[in-house]
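Visitor: Got a structure for you, written out below as structure tokens; questions coming shortly.
Protein chains: 2
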Amino acid sequence: MPAKRSPARRPTMKDIARRAGVSESAVSFALNGRPGVSEVTRERVRRVAEQLGWRPSTAARALSGEGAATVGLVLARPADTLGVDSFFLQLVSGIQEVLAERHLGLLFQVVEDVPDECAVYRRWWAEHRVDGVLVVDPRTDDPRPDLLDELGLPAVVIGGAPDERHSGLSTVWADDAGAMASVVEGLYALGHRRIVHIAGLSGLAHTERRIRTLRAEARRRGLTGVESITTDYSDAEGAAVTRRVLDSAAPPTALIYDNDVMALAGVATATELGFSVPADVSVVAWEDSALCRMVRPWLSALSRDTMEFGRTAACELTALLDGGPARTVRVPVPRLIERESTGAARGA
Amino acid sequence: MPAKRSPARRPTMKDIARRAGVSESAVSFALNGRPGVSEVTRERVRRVAEQLGWRPSTAARALSGEGAATVGLVLARPADTLGVDSFFLQLVSGIQEVLAERHLGLLFQVVEDVPDECAVYRRWWAEHRVDGVLVVDPRTDDPRPDLLDELGLPAVVIGGAPDERHSGLSTVWADDAGAMASVVEGLYALGHRRIVHIAGLSGLAHTERRIRTLRAEARRRGLTGVESITTDYSDAEGAAVTRRVLDSAAPPTALIYDNDVMALAGVATATELGFSVPADVSVVAWEDSALCRMVRPWLSALSRDTMEFGRTAACELTALLDGGPARTVRVPVPRLIERESTGAARGA
DNA sequence: CAGCCGTACTAAAGCGCTTTAGGCTGCTTC
DNA sequence: GAAGCAGCCTAAAGCGCTTTAGTACGGCTG
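Have a look at this one:
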């Protein structure tokens, strides 16, 4: 029962060749579906390989120009910020699903900031480690697309804006603008006129898109008590900002939070301050998760299929690796799930 | 501004050799700190390499027997279970910190179950992809240690019990038993006699350890209204079990939840049923996170430094890769942070 | 001054795979 | 009946690195 210490050598193509009585090249042809071997030989080689439990060495493959069979994903977030965030694991989970199918590995790294992230790309590229990368949290004035383009590393930007300037980059994006517009429309219909958007990290492309759209929608309707305030996504800042805006002379009647964590913290804070949700103030969370059904009132939230988002991104990347053209694909607009935290504005 | 399509060839040792006017082997010696070159040559080679931006190709390195400079981590959880869980990203974050220092990559994969996980290990091993792995969520009767031992793949088990049977495996573990004992002791001191433990996944080593300890502590004190109920860690099951136990004739006065998500769901459920926390029922969460301070009452929780846990594990693995002996190291016992959700038992 | 040794370096093989350039059959074609 | 041509297969080079074996040279010894 205690396992024996067997050195357990991995079989190589040479072993297969010997056992099958053919040359190594024949084995290579056979196993890769290339012409140059008869069907019966091919089958025999396949059987031997199978029986020996052979798997190609990625190192050797990579070295002979086939690529590393690996894609990279780096997360640039200060370590403590990535605590309670369902988004990433879900996304990764979706990504994996399609990568696993193709036997592609996922090299994962978390770093502090974007410059570090760029350094990682350079290193991965120089070390031949990855065939392509998935870029998350695109920013306004992002240096990463230029870098990846320069390195010739295929990439798909997740959540970016459509980008025609970079030939090797695909983009998978959600229509934040449309979602924001529909949320504002809904709140407006409920009588809300003073709306505060507790946004995420300033500089993130989607944050800025949401802010711009909110502003535009407000202007279009002649609303003046509308603003966006950026945060670091943490519950602490979410609570602090909530406290601040509710403490003002003319507090907002609706709050839009850029993630579920802040929304939760916001509701708790509002309640503490004596505001009743949704009677005094409506709350909507941008990002749905179990959290939203874990407090009363249940949070109305913008929901989207994050795993599917990941799957789509991974598909685009594999397409790129197969030599396909860069594309821009839009995933469905997040839908607003109305639960208990939104209601008519007081006095409307 | 639109990036130019430069093929951007990676420099190789041959390039360095040419520029420095020495042989490739000299370059190798110089760059790897091996004897056989003079100091001045070594320095010259280093400068040329630097200036060319050279980085060793991991593929080539791996092929010539140096290992893949990569460690693996696979997460065996049904995709939807890993939603709201701060634990993993934190752990990974800590792991990365020490891996990055040594320029080791982290190959990451999420799969459905343990058999799939084993298949991944076999594949990684056969494909020469990783030099070692980190194993999480050890189980009772776990097939993984035997497998890894057989493959000769260095590994550290995170959260396992000490294990002397496997020579290549290190273990990093937290003293769940001690923590459980202290929690029970605290609750007992507050007058609690009927305690229910809403546990995590049955079959996980630490789940079983906690359950065993709880039972032992109860017996020692002659308590009869004490039990553990296993769940899938989800808020849904947490809520369901809470509802069930509180609905009984003699409901418990204290609840111990194996994660923060279930604890939160539990508090919400209890409140809904008309139980006041902590007046009617005390709640403690096993695993502290921002969540615990996001609802009122704030949750008392067992807190530990998860990033540090990850760091420790990664250190052990690098030690193993350096040829060190397998070890068993214990991380600090989780500390109970008393917040608002625990109090004296009613009538005590 | 032959013989020896240590230092600084080079040549070449090998890791496991892909791929190009042949080689050898046996068949058609004029 | 010789040239041409498939079809099937092998030999060998090459990917970028490490490592072993070997060479050249200067200085030491006896």
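Chains as they are written, first to last, in the UniProt record's numbering: chain A, 1 to 348; chain B, 1 to 348. We put the beta carbon where it would ideally sit given N, CA and C, even for glycine.
1. Which residues of chain B have a Cβ atom closer than 9 Å to the Cβ of A:Q51, listed in chain order?
2. On a CA-only basis, which of A:R122, A:D15, A:A20 and A:V71 is nearest B:R55? Give me that one, please.
3. What does the alpha-carbon distance come out to for the pair residue 353 of chain A and A:D247?
4. If contacts are defined as beta-carbon pairs under 8 Å, then B:L73 and B:L134 qualify, I think. What distance do you get, rounded to the angstrom?
5. Taking the CB atoms as reference points, tell me whether B:A285 and B:L299 lie closer together than 7 Å.
6. At which residues does the alpha helix (DSSP H) containing B:H206 begin and terminate?
7. Give the C-beta separation of B:R339 and B:C292 to the nearest angstrom, bearing in mind that I take them to be a contact with Cβ-Cβ under 8 Å.
8. Is there a C-beta anywhere in chain B that falls below 7 Å from the one on A:T231?
9. Return the first residue and the last residue of the beta strand (DSSP E) that B:F108 is part of.
10. Which bits of chain A does B:T242 rub up against, with CB to CB less than 7 Å?
11. Give the residues of chain A in contact with B:V92, contact being defined as C-beta atoms less than 8 Å apart.
12. Along the stretch 258 to 274 of chain B, where does the CB come closer than 8 Å to a CB of chain A? Name the residues.
13. Quick one: is B:D235 near chain A, going by C-beta distance under 7 Å?
14. B:T58 versus chain A: which residues are under 7 Å apart at the beta carbon?
15. At least one CB of chain A closer than 7 Å to the CB of B:D142: is that the case?
16. Checking 7 Å against the spacing of the C-beta atoms, do A:V48 and A:R18 come in under that value?
17. Taking the C-alpha atoms as reference points, what is the distance between A:M13 and A:A76?
18. Could you tell me whether the Cβ atoms of A:A205 and A:R311 are closer together than 7 Å?
19. Which one of A:V114, A:R304, A:P115 and A:V92 has the shortest CA to CA distance from A:L107?
20. Helix, strand or coil for B:G33, going by three-state DSSP, please let me know.
21. Can you tell me which residues form a DSSP beta bridge with B:L302?
22. Is it right to say B:R144 is buried, meaning 16 or more other beta carbons lie within 10 angstroms of its own, or is it exposed?
23. Less than 7 Å between the beta carbons of B:H192 and B:I256, yes or no?
24. Grab the span of the beta strand (DSSP E) containing B:A170 for me, first residue to last.
25. Which complete alpha helix (DSSP H) runs does the stretch 139 to 202 of chain B hold, if anything under 4 residues is left out?
26. Can you find the residues in the same chain that come closer than 8 Å, C-beta to C-beta, to A:R346, ignoring five residues on each side of it along the sequence?
27. Express the C-alpha separation of B:L52 and B:T41 in angstroms, rounding to a whole number.
28. CB of B:L63 to nearest heavy atom of the ligand ZN: below 6 Å?
29. Run down chain B in chain order and give the residues with a C-beta less than 7 Å from the C-beta of A:A249.
30. Is the Cβ-Cβ distance between A:G200 and A:D142 less than 7 Å?
31. Compare the C-beta of B:G238 against all C-beta atoms of chain A and say whether one is closer than 7 Å.
32. How would you write the range of the beta strand (DSSP E) that B:E227 sits in, first residue to last?
33. Thinking just about the alpha-carbon of each residue, which of B:P11, B:L148 and B:A177 is nearest to the one in A:W125?
34. Alpha carbon to alpha carbon, how far is A:A331 from A:R304?
35. Give the secondary structure of B:V254 by DSSP, where H, G and I count as helix, E and B as strand, and everything else as coil.
36. Buried or exposed, going by whether 16 or more other CB atoms sit within 10 Å of the CB of A:T70?
Guide: The structure says:
1. Here the question's residue 51 of chain A lines up with position 51 in the first sequence. Neighbours of A:Q51 on chain B: none; closest Cβ ~14 Å, over 9 Å.
2. Looking up residue 55 of chain B in the second sequence gives position 55. Nearest of A:R122, A:D15, A:A20 and A:V71 to B:R55, Cα basis: A:R122.
3. The displayed coordinates of chain A run from 1 to 348. Any statement about residue 353 of chain A would go beyond what the structure contains.
4. Along the second sequence, read from residue 1 onward, the residue named residue 73 of chain B stands at position 73. Along the second sequence, read from residue 1 onward, the residue named residue 134 of chain B stands at position 134. That pair is a contact at about 5 Å.
5. Within the second sequence, the letter at position 285 stands for residue 285 of chain B. Within the second sequence, the letter at position 299 stands for residue 299 of chain B. In this structure, B:A285 sits near B:L299, with a CB-CB distance shorter than 7 Å.
6. Walking along the second sequence from the start, residue 206 of chain B turns up at place 206. DSSP places B:H206 inside the alpha helix (DSSP H), whose first and last residues are A205 to R221.
7. Residue 339 of chain B sits at position 339 when you count from the first residue of the second sequence. Residue 292 of chain B sits at position 292 when you count from the first residue of the second sequence. So it is a contact: roughly 7 Å between Cβ atoms.
8. Residue numbering aside, residue 231 of chain A sits at position 231 when the first sequence is read from its first letter. Chain B contact via Cβ: absent.
9. Here residue 108 of chain B is taken as the residue at index 108 of the second sequence, counted from 1. Following the DSSP letters along the chain, one finds B:F108 inside the beta strand (DSSP E) bounded by residues G105 to V111.
10. On the second sequence, position 242 is the one that residue 242 of chain B refers to. Listed along chain A, no residue sits closer than 7 Å to B:T242 by beta-carbon distance, the nearest being about 12 Å off.
11. As a working mapping, residue 92 of chain B is identified with position 92 in the second sequence. What B:V92 touches in chain A: F108 and V110.
12. Here the close residues are V261, L264, A265, A268, T271 and E272.
13. What you label residue 235 of chain B is simply residue 235 of the second sequence in a count that begins at 1. For B:D235, the nearest CB of chain A lies under 7 Å from its own CB, placing it at the interface with that chain.
14. Here residue 58 of chain B corresponds to residue number 58 of the second sequence, with the count starting at 1. E127, H128 and R129, listed in chain order.
15. Within the second sequence, residue 142 of chain B is the residue found at index 142, counting from 1. Among the CB atoms of chain A, none fall inside 7 Å of the CB of B:D142.
16. Locating residue 48 of chain A in the first sequence gives position 48, counting from the first residue. Locating residue 18 of chain A in the first sequence gives position 18, counting from the first residue. Taking the C-beta atoms as reference points, A:R18 is found no nearer than 7 Å to A:V48.
17. As a working mapping, residue 13 of chain A is identified with position 13 in the first sequence. As a working mapping, residue 76 of chain A is identified with position 76 in the first sequence. A:M13 and A:A76: Cα-Cα distance of roughly 40 Å.
18. Position 205 of the first sequence holds residue 205 of chain A. Position 311 of the first sequence holds residue 311 of chain A. 7 Å or more divides the Cβ of A:A205 from the Cβ of A:R311.
19. In the first sequence, the residue the question calls residue 107 of chain A occupies position 107. The residue with the shortest Cα to Cα distance from A:L107 is A:V92.
20. Reading the second sequence from its first residue, position 33 is the one you call residue 33 of chain B. Reduced to three states, the DSSP call for B:G33 is coil.
21. Working through the second sequence from its first residue, we reach residue 302 of chain B at position 302. As DSSP reads the structure, B:L302 sits in a beta bridge with B:W286 and B:L336.
22. Counted from its first residue, the second sequence places residue 144 of chain B at position 144. That one is buried.
23. Along the second sequence, one-based indexing puts residue 192 of chain B at 192. Along the second sequence, one-based indexing puts residue 256 of chain B at 256. B:I256 sits away from B:H192, with the two beta carbons spaced by 7 Å or more.
24. Indexing the second sequence from 1 puts residue 170 of chain B at position 170. It is worth fixing the name first, because residue 170 of chain B is Ser in this sequence and not Ala. Run containing B:S170: L169 to A174, per the beta strand (DSSP E) assignment.
25. Runs of the alpha helix (DSSP H) inside the stretch 139 to 202 of chain B: 144 to 151 and 176 to 189.
26. Walking along the first sequence from the start, residue 346 of chain A turns up at place 346. Leaving aside the five residues that flank A:R346 on each side, the residues in its chain whose CB is nearer than 8 Å to its CB run, in chain order, T253, A279 and D280.
27. In the second sequence, residue 41 of chain B corresponds to position 41, counting from 1. In the second sequence, residue 52 of chain B corresponds to position 52, counting from 1. As the crow flies, the alpha-carbon of B:T41 is around 16 Å from that of B:L52.
28. No copy of the ligand ZN occurs in the structure displayed, which carries no ligand at all.
29. Here residue 249 of chain A refers to the residue found at position 249 of the first sequence. Contact note: A:A249 does not reach chain B at a C-beta cutoff of 7 Å; the least C-beta distance is about 26 Å.
30. In the first sequence, residue 200 of chain A corresponds to position 200, counting from 1. In the first sequence, residue 142 of chain A corresponds to position 142, counting from 1. Against a cut-off of 7 Å, the Cβ pair of A:D142 and A:G200 comes out as no contact.
31. Residue mapping note: residue 238 of chain B aligns to position 238 of the second sequence, counting from 1. By the rule that beta-carbons nearer than 7 Å mark a contact, B:G238 does not touch chain A.
32. Against the second sequence, residue 227 of chain B aligns to sequence position 227. From DSSP, the beta strand (DSSP E) with B:E227 extends over V226 to T230.
33. Within the first sequence, residue 125 of chain A is the residue found at index 125, counting from 1. Nearest option by C-alpha distance: B:P11.
34. The residue labelled residue 331 of chain A in the question sits at position 331 within the first sequence. The residue labelled residue 304 of chain A in the question sits at position 304 within the first sequence. First, the amino acid is wrong: residue 331 of chain A is Val here, not Ala. Between A:V331 and A:R304, the C-alpha separation is close to 9 Å.
35. Sequence index remark: in the second sequence, residue 254 of chain B carries index 254 (1-based). Note on identity: in this sequence residue 254 of chain B is Ala, with Val being the wrong assignment. In this structure, DSSP gives B:A254 an extended state, which the three-state scheme calls strand.
36. Within the first sequence, numbered from 1, the residue matching residue 70 of chain A stands at position 70. If you draw a 10 Å sphere on the C-beta of A:T70, you find 16 or more other C-beta atoms in it, and that means buried.
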